[in-house]
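Asks: For the record, the sequence lines run as chains A and B.
Those letters in the first sequence? Residues 1 to 468, by the numbering used here.
Those letters in the second sequence? Residues 469 to 564, by the numbering used here.
Sending over a structure as structure tokens; questions will come in a sec.
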Amino acid sequence: YVLQGPKWDKTDLTWSLVNWTMEDAPQIRRALTEALSVWAHSSKLTFREVRSDQADIQVLFARGDHGDGYKFDGPGMVLAHAFYPGVGRGGDAHFDADEKWHFTRGERGDSTNFLGVAVHEFGHSLGLGHSSDQNAIMYPWYHDNEVDINLPADDRNAIQQLYGSKDKTWGPFKPPTRPKTPPTTTTTTTTTTRRPLVYYPQNRHNEPYDPRRRYPYNNNPHQRDRKLPTTTTYRPRTDSPPHPTRTWYPPPQPTKPKKLKPDTCHTTYDAISIIRREIFIFRGQFLWRIGDHGLYPGYPTYTHRLWAELPKNFSKVDAVYENKDRKIVFFIGRYYYVFDSVTLVSGYPQPLTSLGLPQSLTHIDAAFVWGYNNRTYLTSGTLYWRLDEDTGRVELDYPRDMSIWRGIGYNIDAAFKYTNGKTYFFKGYGYWEFNDDLMEVAHPRPKLSARKWMHCPRLVNEVDEEQT
Amino acid sequence: ANNGKSAVSEDTVYNYLMEFDYLPKSDIETGALRTEEQLKDAIRKLQRFGNIPATGEIDEATQKLIHRPRCGVGDNTRTANFSPDNLQYGHHRMKR
Chain A
1 YVLQGPKWDK TDLTWSLVNW TMEDAPQIRR ALTEALSVWA HSSKLTFREV
51 RSDQADIQVL FARGDHGDGY KFDGPGMVLA HAFYPGVGRG GDAHFDADEK
101 WHFTRGERGD STNFLGVAVH EFGHSLGLGH SSDQNAIMYP WYHDNEVDIN
151 LPADDRNAIQ QLYGSKDKTW GPFKPPTRPK TPPTTTTTTT TTTRRPLVYY
201 PQNRHNEPYD PRRRYPYNNN PHQRDRKLPT TTTYRPRTDS PPHPTRTWYP
251 PPQPTKPKKL KPDTCHTTYD AISIIRREIF IFRGQFLWRI GDHGLYPGYP
301 TYTHRLWAEL PKNFSKVDAV YENKDRKIVF FIGRYYYVFD SVTLVSGYPQ
351 PLTSLGLPQS LTHIDAAFVW GYNNRTYLTS GTLYWRLDED TGRVELDYPR
401 DMSIWRGIGY NIDAAFKYTN GKTYFFKGYG YWEFNDDLME VAHPRPKLSA
451 RKWMHCPRLV NEVDEEQT
Chain B
469 ANNGKSAVSE DTVYNYLMEF DYLPKSDIET GALRTEEQLK DAIRKLQRFG
519 NIPATGEIDE ATQKLIHRPR CGVGDNTRTA NFSPDNLQYG HHRMKR
């Protein structure tokens, strides 16, 4: 057996059925209760059904792309998936609504035994990975065996290693003389008949699952804000580029700041990049500069002080990166600016369309060189493109959906490749490190940017998540 | 090249290996080319996990295995990843 990732730090877990068809609801809930009781039977775990979107394990039926980056594939093949214990989606179990399920024991034919699949998926919800023991519940391929309340040895050993067995006290720190904890009564295992089923308001019409209910960094394509217009009518541009392609000297200095300087330890980032081996972080009209000895004193300062030829009245830098020729490329609105050090290269700014990007694109969210292949990527809203640096245009197979960068979500603020070769994505006050091989975030919850990049101290009552 | 005898294309197998953690998922974006031996190695790992003879070939048993309904969670065979950066067992995936 394989223990995968963390386990729950409690043994009394709650679960909730998110959506259902009216006629199947009682059978589904009965099957889920039974599936969980299989794990409860061999461990100290207890499960309680609640009608809450805060339940530890949320169970839902979905079809195709349902917003978590793991599309279902219609009937057959992939039947379901579940998330390992954790906050947010952690513990949740999703079943492919396109499968032909049967929910009662003994039923056969060409349908799939929901109970057997549910027991398997809940194994993931509790922290078990796949086992290569083909008799195990956690064997990845479906076998149409009748579910027994007694787990196969492989699964039983796994669950008891995580949560202890019913007849033993567990935890290495209990003194041996201490009286045993009374065994958990089975009355707390389920509450299936205690209360009548109340439908969630959002499910009265069997509406699709909306992960935004719980998770601020969701990427549900059905619910997301469509900031990127794809069907709006293009109006020919009548304005001129925001900055003519001429050299300014002396550089124009902003006379009065429109806004106060951002708070170094409490701000979001518009753009971030390594430029000449130093980190540059942009926010509004300001930037920070972080070198080998940390944050330079006197920062944040106006971006204009370094790149005076940027347009005079720009509100923010959308994205920035250093290209393979060591030119610095700024994206501001519908234009991009290429600088040789601090000098604007002749012929710039150019519209985003000159990169092969669509006319409808109003801005770039992030531009970064991915450490895995050293190719340049541009993101905007729900889409991303790969830039061919040789032709200076985006490649033909693009755009693609941002969901391939699993865990990042849509509408990111910034991204960059750090000196350690890893790629980091930023949104709000947080950031994610990206695991290139698994193509997903290295930690599902974003970490505070200020702590890592600005070296801001932890507040007195702030939980240190990394230590936790 | 597929000679028509195989019921599953090499693309299907390649995608399957990436989807279920026998090849790095980053191949989805990079389209990284793998050597014949690397592919065979990944197929062998799949075969061992599936309890069928580890031939390294897309034989009939492998085709059957690939067509079997299964859980969508990856098999997380860490050693299937060829990047040396990936041999860090202390790192756990929190969830899929």
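Positions of the beta carbon are idealized from the N, C-alpha and C atoms, including for glycine.
Is Asn-373 (chain A) close to chain B, meaning its C-beta is less than 8 Å from at least one C-beta of that chain?
Replies: yes
Asks: Starting from Phe-122 (chain A) and walking both ways along the beta strand (DSSP E), at which residues does that stretch end?
Replies: Note, Phe-122 (chain A): premise wrong, no beta strand (DSSP E); alpha helix (DSSP H) at 114 to 126.
Asks: If you measure beta-carbon to beta-carbon, which residues of the stretch 35 to 54 of chain A are closer than 7 Å to chain B?
Replies: none
Asks: Among B:Asn-544, B:Gly-499 and B:Thr-530, which has the Cα closest to the Cα of Val-476 (chain B)?
Replies: Sorting B:Asn-544, B:Gly-499 and B:Thr-530 by C-alpha distance to the C-alpha of Val-476 (chain B) places B:Thr-530 at the top.
Asks: Trp-20 (chain A) CB to nearest chain B CB: under 8 Å?
Replies: no
Asks: Using a Cβ-Cβ cut-off of 6 Å (strictly less than) and excluding sequence neighbours within five positions of Trp-385 (chain A), which residues of its own chain qualify?
Replies: So the qualifying residues of the chain are Leu-378, Val-394, Tyr-398 and Pro-399.
Asks: Are at least three pairs of beta-carbons, each pair with one atom in the stretch 73 to 88 of chain A and one in the stretch 492 to 510 of chain B, less than 8 Å apart?
Replies: no
Asks: What is the residue span of the alpha helix (DSSP H) that Val-481 (chain B) lies within?
Replies: 478 to 487
Asks: Show which residues of chain A have a CB atom less than 7 Å away from the CB atom of Lys-493 (chain B).
Replies: Asp-437, Leu-438 and Met-439
Asks: Answer with yes or no whether the minimum CB distance from Ile-328 (chain A) to chain B is below 8 Å.
Replies: Residue-level contact check: Ile-328 (chain A) does not touch chain B, since none of the beta carbons of chain B fall below 8 Å from its beta carbon.
Asks: So what does DSSP say about Arg-451 (chain A), is it helix, strand or coil?
Replies: helix
Asks: Less than 6 Å between C-beta atoms, sequence neighbours within five positions excluded: which residues of the same chain meet that for Ile-57 (chain A)?
Replies: Trp-15, Gly-91 and Ser-125
Asks: Gly-129 (chain A) versus chain B: which residues are under 7 Å apart at the beta carbon?
Replies: Asn-544
Asks: Could you have a look at Ala-55 (chain A) and say whether DSSP puts it in helix, strand or coil?
Replies: DSSP places Ala-55 (chain A) in coil when its eight states are reduced to three.
Asks: Ignore the nearest five residues each way along the sequence and tell me which others in Glu-389 (chain A)'s own chain have a CB closer than 7 Å to its CB.
Replies: Asn-323, Lys-324 and Thr-376
Asks: What residues of chain B sit near Ile-404 (chain A), judged by a beta carbon separation below 8 Å?
Replies: Ile-496 and Glu-497
Asks: Which of the three DSSP states is assigned to Arg-334 (chain A) in this structure?
Replies: coil
Asks: Would you check whether the ligand SAH has a heavy atom nearer than 7 Å to the C-beta of Lys-452 (chain A)?
Replies: The model depicted lacks the ligand SAH and carries no ligand whatsoever.
Asks: Which residue marks the beginning of the alpha helix (DSSP H) containing Ser-37 (chain A), and which one marks its end?
Replies: For Ser-37 (chain A), the enclosing alpha helix (DSSP H) starts and ends at 25 to 41.
Asks: Determine, using beta-carbon pairs with one atom in the stretch 139 to 158 of chain A and one in the stretch 37 to 52 of chain A, whether at least three such pairs fall under 8 Å.
Replies: Result yes; three or more Cβ-Cβ pairs closer than 8 Å.
Asks: Rounded to a whole number of angstroms, what is the C-alpha to C-alpha distance between Asp-499 (chain A) and Ala-510 (chain B)?
Replies: Lying outside 1 to 468, the shown extent of chain A, residue 499 (chain A) is not represented and no answer is given.
Asks: Between the stretch 516 to 532 of chain B and chain A, which residues of the former have CB atoms less than 9 Å from a CB of the latter, in chain order?
Replies: From the stretch 516 to 532 of chain B, only Arg-516, Phe-517, Gly-518 and Asn-519 have a Cβ closer than 9 Å to chain A.
Asks: Count the other C-beta atoms from every protein chain shown that fall within 10 angstroms of the C-beta of Arg-277 (chain A), then say buried if there are 16 or more, exposed otherwise.
Replies: Burial state of Arg-277 (chain A) is exposed, judged by a 10 Å Cβ sphere holding fewer than 16 other Cβ atoms.
Asks: Taking only the alpha-carbon atoms, compute the straight-line gap between Asn-411 (chain A) and Ser-52 (chain A) and give it to the nearest angstrom.
Replies: 28 Å
Asks: Beta carbons nearer than 7 Å to chain B: which residues of the stretch 139 to 151 of chain A have them?
Replies: Cβ contacts with chain B come from Pro-140, Trp-141 and Tyr-142.
Asks: Can you pull the chain B neighbours of Gly-76 (chain A), defined as C-beta to C-beta under 7 Å?
Replies: Per Cβ cutoff of 7 Å: Pro-537.
Asks: Let's test the definition: count the other Cβ atoms within 10 Å of the Cβ of Lys-10 (chain A) and tell me whether it reaches 16, buried, or not, exposed.
Replies: exposed
Asks: From the beta carbon of Val-476 (chain B), is the nearest beta carbon of chain A less than 8 Å away?
Replies: no
Asks: Spatial neighbours of Phe-425 (chain A) within its chain, please: C-beta separation below 8 Å, excluding the five flanking residues on both sides.
Replies: Ala-366, Trp-405, Ile-408, Ile-412, Ala-414, Ala-415, Tyr-431, Trp-432, Phe-434 and Val-441
Asks: Starting from Arg-375 (chain A), follow the beta strand (DSSP E) in both directions and report where the run begins and ends.
Replies: 375 to 380
Asks: Whose Cβ in chain B lies nearer than 8 Å to the Cβ of His-81 (chain A)?
Replies: The answer, in chain order, is Cys-539, Gly-540, Val-541 and Arg-564.
Asks: Output yes or no for whether 8 Å exceeds the beta carbon distance between Tyr-142 (chain A) and Val-117 (chain A).
Replies: yes
Asks: Spatial neighbours of Ile-290 (chain A) within its chain, please: C-beta separation below 6 Å, excluding the five flanking residues on both sides.
Replies: Ile-279
Asks: Evaluate Ala-450 (chain A) with the Cβ neighbour count: other Cβ atoms within 10 Å of its Cβ, from every protein chain shown; 16 or more gives buried, anything less gives exposed.
Replies: buried
Asks: Could you tell me the boundaries of the beta strand (DSSP E) in which Asp-417 (chain A) lies?
Replies: Residue identity differs from the one stated: residue 417 (chain A) is Lys in this sequence, not Asp. Per DSSP, Lys-417 (chain A) belongs to the beta strand (DSSP E) from 414 to 417.
Asks: According to DSSP, is Thr-343 (chain A) part of a helix, a strand, or is it coil?
Replies: In the structure shown, Thr-343 (chain A) sits in a strand (DSSP, three-state: E or B).
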